[in-house]
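Here the sequence shown stands for residues 903 to 1117, numbered as in my numbering.
For each residue, glycine too, the CB sits at the ideal point set by N, CA and C.
Below you'll find the structure, written out as structure tokens, and then a few comments.
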Amino acid sequence: MNIILLGPPGAGKGTQARRLVEEHGMVQLSTGDMLRAAKTSGTEMGNKVAEVMARGDLVTDDIVIGLISEQLDGEAGQHGLIFDGFPRTLAQADALGKLLDEKGKTLDSVVEMKVDDDALVDRISGRFTCSKCGEVYHDTTKPTAKEGVCDVCGSTEFTRRADDNPDSVRVRLMAYYRSTAPLIGYYHAKGKLVSVDGLGEIDTVAADIKQGLGL
Ligand code: AP5
């Protein structure tokens, strides 16, 4: 099964993608994670990407489409895929449709995660991530079981994202409403859209997604 998780910044796409990976052996393709990796490469492209992401704007379509295309050509293409944070524009959605056609793959469902703006800001401002394994936590809604120690890998190193600040969050929300929200209608018209209330607890949202996907 190949799915897209679609929702505004902080909706819980990464959190739910990791659950689907653990429980259903799917592969998460997060363009945000790929771009954060590119940022640290020190190349000219990496430096440009870093500037755009820090502002909260969208990186150009050709860069992210190229990253996804490489993944589909590689080992990831052999598994059930979760597109997390991609596509984010109509051009990206069209490109994904073409790439999947070329590989003889289908897009099964697009899960729209609905969360209101106030909750998004709370979620983003409380987020921290294990530097070693990437597990995502939240100061109040998902703290580590033992303070300062990652539940998954035991690391004691955590990071907070540079774009999780109030100015960038405002720009990211604008980019979502301007460029990405139109994809809700796009996929609804294709009969692919499954909408879930993303405001519930993490386990409740996970159960709703599984029910919506028939898993
Ligand atoms: P990206 O990394 O994709 O960020 P995003 O879309 O802004 O989404 P987030 O990662 O902030 O949130 P999420 O929905 O994954 O939420 P999470 O699970 O972490 O993109 C970053 C940047 O890269 C973009 O701004 C852009 O510049 C660039 N980019 C990426 N893809 C691109 C593309 N395709 N085209 C162009 N540019 C692109 O949860 C958030 C917090 O809430 C966590 O602390 C979590 O523990 C908590 N939480 C999760 N679920 C719940 C719940 N149900 N209840 C309570 N707390 C919860």
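- Under a 10 Å Cβ-count criterion, Ala1064 is classified as exposed, with fewer than 16 other Cβ atoms of the shown protein chains found around its own Cβ.
- The ligand AP5 approaches Gln994 closely enough that one of its heavy atoms is under 7 Å from the residue's Cβ.
- The three-state reading of DSSP puts His981 in coil, since its state is none of H, G, I, E or B.
- Taking 4 residues as the shortest admissible run, the segment 906 to 944 contains the following complete alpha helix (DSSP H) segments, listed from N- to C-terminal end: 915 to 926 and 933 to 941.
- With a contact defined as Cβ atoms closer than 8 Å, Ser1011 and Asp1066 miss out at about 29 Å.
- In the structure shown, the three-state DSSP call for Thr991 is coil.
- In the DSSP assignment, Arg1029 falls within the unbroken beta strand (DSSP E) covering Arg1029 to Cys1032.
- Annotation for Asp1019: Leu1075 place their beta carbon closer than 7 Å to its own, counting only its chain and skipping 5 residues before and after.
- Taking the Cα of Gln930 as reference, the smallest distance to any Cα among Gly1036, Ala1077 and Ala1047 is reached at Gly1036.
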